[in-house]
Amino acid sequence: MFLGSYLKTSYRELSKNKVYAILNIIGLTFGLSAFIFIQLYVSYEKSFDTFHNNHKNLYRVQYKATQHGEVIVNSTKSTPRVGAFMKEKMPEVIDFARAYPLFGVMKSDSDKYTEDRVYAANPAFLKIFDFKLISGNVSTALDEPNHIVLTESMAHKYFGTTNVLGKTLSFSSWLKFDATITGVVKDAPHNSHFKFDFLCSYETLNNVNKNSDGTIASEDSWDWDSFNTYILLQKGTDHEMFNSKFAALLQQERGAYFKESGKTDQFTLQPITDIHLYSNIQRETDPEGQGNGQEVFFLSIIGVFILVLAWVNYINLTTARSMDRTKEVGIRKTMGGSRLQLIYQFLTEAFLVNFFAFVSALLLISQSIGFFNQLTNSKLTTDLSSNVIFWLMILGAFMIGILFTGLYPALILSSFKPASVLKGQLSDKQSKGVLRKTLIIFQFIVSVTLIAGVLVVFGQLEHMKTTEQGFSLNNTLVIKGPMIYDEEQPQQSKLEAFKNELLSNSAVMSVTASSNVPGEEIIWTNNVKRSDEADNKLKSAYFAEVDYEYFPSYDIKLLAGRNFSEAHPSDTGAVILNLTAARYFGFDNYHEAIDKKIMCYDVPKTIIGVVDDYKQMSAKTAVSPIIFPLSLDMPYYFTVKLNSDQFQSVIKSTKRSYEAFFHGNPFDYFVLDDFFNRLYKNDEQFGRVFSWFAILAIIIACLGLYGLSSFSARQRTKEIGIRKTLGANISSLLMLLSKDFLILIAVANVIAWPIIYLTMNKWLSNFAERISIGISIYLSAGILIMIIALLTVGFKTLQTAKANPVEALRCE
26 MFLGSYLKTS YRELSKNKVY AILNIIGLTF GLSAFIFIQL YVSYEKSFDT
76 FHNNHKNLYR VQYKATQHGE VIVNSTKSTP RVGAFMKEKM PEVIDFARAY
126 PLFGVMKSDS DKYTEDRVYA ANPAFLKIFD FKLISGNVST ALDEPNHIVL
176 TESMAHKYFG TTNVLGKTLS FSSWLKFDAT ITGVVKDAPH NSHFKFDFLC
226 SYETLNNVNK NSDGTIASED SWDWDSFNTY ILLQKGTDHE MFNSKFAALL
276 QQERGAYFKE SGKTDQFTLQ PITDIHLYSN IQRETDPEGQ GNGQEVFFLS
326 IIGVFILVLA WVNYINLTTA RSMDRTKEVG IRKTMGGSRL QLIYQFLTEA
376 FLVNFFAFVS ALLLISQSIG FFNQLTNSKL TTDLSSNVIF WLMILGAFMI
426 GILFTGLYPA LILSSFKPAS VLKGQLSDKQ SKGVLRKTLI IFQFIVSVTL
476 IAGVLVVFGQ LEHMKTTEQG FSLNNTLVIK GPMIYDEEQP QQSKLEAFKN
526 ELLSNSAVMS VTASSNVPGE EIIWTNNVKR SDEADNKLKS AYFAEVDYEY
576 FPSYDIKLLA GRNFSEAHPS DTGAVILNLT AARYFGFDNY HEAIDKKIMC
626 YDVPKTIIGV VDDYKQMSAK TAVSPIIFPL SLDMPYYFTV KLNSDQFQSV
676 IKSTKRSYEA FFHGNPFDYF VLDDFFNRLY KNDEQFGRVF SWFAILAIII
726 ACLGLYGLSS FSARQRTKEI GIRKTLGANI SSLLMLLSKD FLILIAVANV
776 IAWPIIYLTM NKWLSNFAER ISIGISIYLS AGILIMIIAL LTVGFKTLQT
826 AKANPVEALR CE
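The sequence shown begins at 26 in my numbering and counts up one residue at a time.
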């Protein structure tokens, strides 16, 4: 009965003041929508790999190697021996899985494609992970040589059906095999850090890695660091204690080697659920898909701040109208209404406003979740059954919002004394303006911080894209090299003939072949030392094979020595270093490196040149030491430099030539600037998401400012009337009514600037090359929020200043 009365009265009050009600509902709708969207996104980012039943006990083995105290490898890929060794020596290990990455041409009877998500996996892989088989037996699918499991989408791609058990696929790379299909697995979920298209049996790899002494490199090697290794531990095992225990065990096993070589290996377990957000080291399985835990944390904080801004907005608008409701409160109290009843009434109003906003927010989310998924490249869903805990948290936020937005105004409004109200003796002091101004300063702090954050994020993105790359990126077409070779014709002569045919096209400036191109992580590493140093001075460096035209084609600057040349047949035994590599090997003056020798695979190689550093990867990654040997056959890529952007015509002619020269190989290509810029995709995505929510927060804050301007103007109506009567003009009145906001902005900026410095420097620490946060960032953010604030309050202020002074004084 009482509840119904409160609801009716609240509804009538809101209907009577539609503008006020709509502003509150809009503000809370935006706040709740932003909060829910961010929490959905955060929940999704934290859900990676939790679909595995064993996810709490599953770990990836990470590998770090140091040489004479210097880190030379820090990789997600470990060695083949470590997983088996852990299982043999550590009772905490239930089982381990290994997966070795392959790249090559996959063929069925009717189709062939270049595939780069092929892995040789041991039988335990399908047992400890929950990648669901549609057909086949988990226990036997990968237990024998030349067995292969493919995903549902690949089955449709090659055969048009998932009924493919017993059919054959042929794979051609450095590893060649014909495999019988023994299983079809559902595609890896979008929230899996490990995505694959094909799993061939690990014994297929073992068959080609048998040594004369009976060992198998893909089983026994401690040095071949190219394997994804996962460990399933007993429930309740502390992985940090496991790491310490294994380090001591490894020292017993390998200590003599470590002492002799000066090299130390470290294998540590990382929880599989931490990989997506908290791992960004060398050789990630899906580097473009990696998340950023720091950015997710920032967005979480922004989501909370936006919701609090919406609540503050409600409080400001409610208290701004408090003077309109003083007579109502006075009459209610005179008629016997208790303070508790008044509090219930105002809390009911808050409930209605929050309820309407909550429903509106859910409708807004359901209509815009597709756009948000595109914006964040995620697969968010509002399905209640998929995340009950998440929605309970959202309902909790809704209930807290009712209390937060309703309780303070209720306490203030219900505290008015009926005698003072009815005599018109209520003053601003009683309305606690200090707290209201504090809330407005909070809004300004958040707004200034977000504006500065947007400026820093986009400034950093622009810096990364416009900074000198050290090589030519424009008008560059990259063709993937052949994986199937004609044994009857020498490969080198065929490659040269193919390149010459491409050069006959007037649109083509140059053609070069290489094992890597800029934008691709170099994974080939080897231990190298100067020939004049002791054997224990080995250092790990990266290798990228190139031909004669590579450096001229990419316009990479030669600092010392010379390029590879056909006039020097001995260059097959020579190498070129980048500047970082020259310094890495102790040549402080890079000219000193020329004609010196380094030992590669125990073979002396002469340094004939040093090239300037260029960005093999993005500006987030420091330049690595790279050694460039000369290679004239079996390239992974052909780089075709054009003299214009005539890509389509060159692609057509290049495809005809490619298919004629490399029969049986699928033609595959990409444009280099698109390929390189994908490295910035995640940062650009974060920038877009950050900007959208920053704009939304500022809009919500502006509604709060409108509330304060309404309150301020109402409180000073008589003063304005007197000033106008005495001759004050509009501009002086505008300045009078705006100066309070300027003071609030100044205070907010002073508080916000150190927050900006700390938070944005923390974010910028992710980048090897970064911008500095100059004074212009702080000033730009402060001036912009000042303009926004003045425009927001300007309308109400101008309206009040232009009012007839007679009307203002008539209130006496």
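Glycine residues also receive a C-beta, built at the ideal position from the N, C-alpha and C atoms.
Use the C-beta contact count for residue i: other C-beta atoms within 10 angstroms, 16 or more gives buried, fewer gives exposed.
i      : result
LEU804 : exposed
LEU451 : Because the pLDDT of LEU451 is 49, which lies under 50, any placement of that residue in the model is unreliable, and the question is left without a value.
GLY478 : buried
GLY185 : exposed
VAL321 : buried
TRP549 : exposed
TRP199 : exposed
ARG681 : exposed
PHE469 : buried
PHE396 : exposed
THR501 : buried
HIS616 : exposed
ILE414 : exposed
LEU83  : buried
MET131 : buried
ALA250 : The sequence shown places Asp at residue 250, rather than the Ala named in the question. Classification for ASP250: buried.
LYS454 : Because the pLDDT of LYS454 is 48, which lies under 50, any placement of that residue in the model is unreliable, and the number read from its coordinates should be weighed accordingly. That one is exposed.
Mind checking who residue i pairs with in its DSSP beta bridge?
i      : result
GLY208 : GLY161, VAL174
ASN603 : VAL636
VAL95  : Here residue 95 turns out to be Glu, not Val, going by the sequence shown. GLN92.
GLN370 : In the DSSP output, where bridge partners are listed per residue, GLN370 has none listed.
GLN307 : SER100
ALA585 : VAL635
LYS622 : THR631
ILE651 : TYR567
ASP203 : SER195
ASP120 : LEU257
PHE663 : ILE504, ALA538
TYR84  : ILE256, PRO296
PRO126 : TYR144
What does a CB cutoff of less than 6 Å around residue i pick up in its chain, not counting 5 residues either side in sequence?
i      : result
VAL210 : PHE156, LEU158, VAL174, THR176
LYS621 : ILE632
SER656 : GLU570
GLU794 : ALA644
ALA585 : TYR615, HIS616, ILE619, VAL635
Quick one: residues in its chain with C-beta nearer than 8 Å to the C-beta of residue i, no 5 flanking neighbours on either side, listed in chain order?
i      : result
TYR609 : LYS564, ALA566, PRO650
GLY72  : A quick correction: the sequence has Ser, not Gly, at residue 72. Result list for SER72: ASN216, in chain order.
May I ask whether a heavy atom of the ligand COA can be found less than 7 Å away from the beta carbon of residue i?
i      : result
PHE496 : The ligand COA is absent from the structure shown, which contains no ligand whatsoever.
Only counting the same chain, and skipping five residues up and downstream in sequence, which positions put a Cβ closer than 7 Å to that of residue i?
i      : result
VAL473 : ALA773, ASN774, ALA777, ALA806, GLY807, ILE810
ASN99  : LYS89, ILE306, GLN307
LEU769 : LYS462, ILE465, ILE466, PHE469
LYS220 : ARG142, ALA213, ASP311
ASN402 : GLN710
Query raised in the report: Given 8 Å as the limit, is there contact between the stretch 230-242 and the stretch 155-163, that is, 3 or more CB pairs closer than that?
Result: With the cut-off at 8 Å, the stretch 230-242 and the stretch 155-163 do not touch.
**Report entry** Any beta strand (DSSP E) of 3 or more consecutive residues that is wholly inside the stretch 128-174
**Finding:** The stretch 128-174 contains these whole beta strand (DSSP E) runs: 137-146, 158-161.
Query raised in the report: What runs of the beta strand (DSSP E), each 3 residues or longer, lie entirely inside the stretch 688-713?
Result: Counting only runs of 3 or more, we get 694-696.
Requested in this report: Mind listing, in chain order, the continuous alpha helix (DSSP H) runs of no fewer than 4 residues lying wholly within the stretch 535-581?
Outcome: You should have 575-579.
Query raised in the report: Taking only runs of the alpha helix (DSSP H) that begin and end inside the stretch 216-302, which ones reach a length of at least 4 residues, in chain order?
Result: You should have 227-231, 242-245, 264-286.
Requested in this report: Give, in chain order, every unbroken run of the alpha helix (DSSP H) that is at least 4 residues long and sits entirely within the stretch 466-538.
Outcome: 516-528, all fully within the stretch 466-538.
Report task. Flag this pair as touching only if the stretch 49-56 and the stretch 383-395 have three or more C-beta atom pairs under 8 Å; answer yes or no. Result -> With the cut-off at 8 Å, the stretch 49-56 and the stretch 383-395 touch.
Report task. For the stretch 590-603 and the stretch 525-533, state whether three or more C-beta atom pairs, one from each stretch, are separated by less than 8 Å. Result -> The stretch 590-603 is not in contact with the stretch 525-533.
Query raised in the report: Hey, is the stretch 260-272 in contact with the stretch 106-121, meaning 3+ C-beta pairs nearer than 8 Å?
Result: Result yes; three or more Cβ-Cβ pairs closer than 8 Å.
Query raised in the report: Should the stretch 698-706 be regarded as contacting the stretch 573-592, the criterion being three or more beta carbon pairs within less than 8 Å?
Result: Short answer: they don't touch.
Query raised in the report: Counting pairs of beta carbons, one from the stretch 649-664 and one from the stretch 463-482, are three or more of them closer than 8 Å?
Result: Segments in contact, no.
Query raised in the report: Below 8 Å, can you find three or more Cβ-Cβ pairs linking the stretch 296-315 to the stretch 87-103?
Result: Proximity of the stretch 296-315 to the stretch 87-103 meets the contact definition, three or more beta-carbon pairs being nearer than 8 Å.
Query raised in the report: Do the stretch 222-230 and the stretch 202-209 meet, that is, are 3 or more Cβ pairs less than 8 Å apart?
Result: In this structure the stretch 222-230 touches the stretch 202-209; the number of beta carbon pairs closer than 8 Å is three or more.
Query raised in the report: Would you say the stretch 144-154 touches the stretch 120-128, given that touching needs at least three Cβ pairs under 8 Å?
Result: Short answer: they touch.
**Report entry** beta strand (DSSP E) runs wholly inside the stretch 374-436, at least 3 long, in chain order
**Finding:** You should have found no qualifying run.
Report task. Inspect the CB distances between the stretch 252-261 and the stretch 515-531 and report whether three or more fall short of 8 Å. Result -> Flag = no, the stretch 252-261 and the stretch 515-531 do not touch.
Query raised in the report: Quick one: any contact between the stretch 541-548 and the stretch 623-642, if contact means 3 or more CB pairs under 8 Å?
Result: In short, these stretches touch, since the Cβ pair count reaches three.
Report task. Tell me, please, whether the stretch 290-297 touches the stretch 682-692 by the rule of three or more beta-carbon pairs shorter than 8 Å. Result -> Judged by Cβ distances under 8 Å, the stretch 290-297 makes no contact with the stretch 682-692, as fewer than three pairs qualify.
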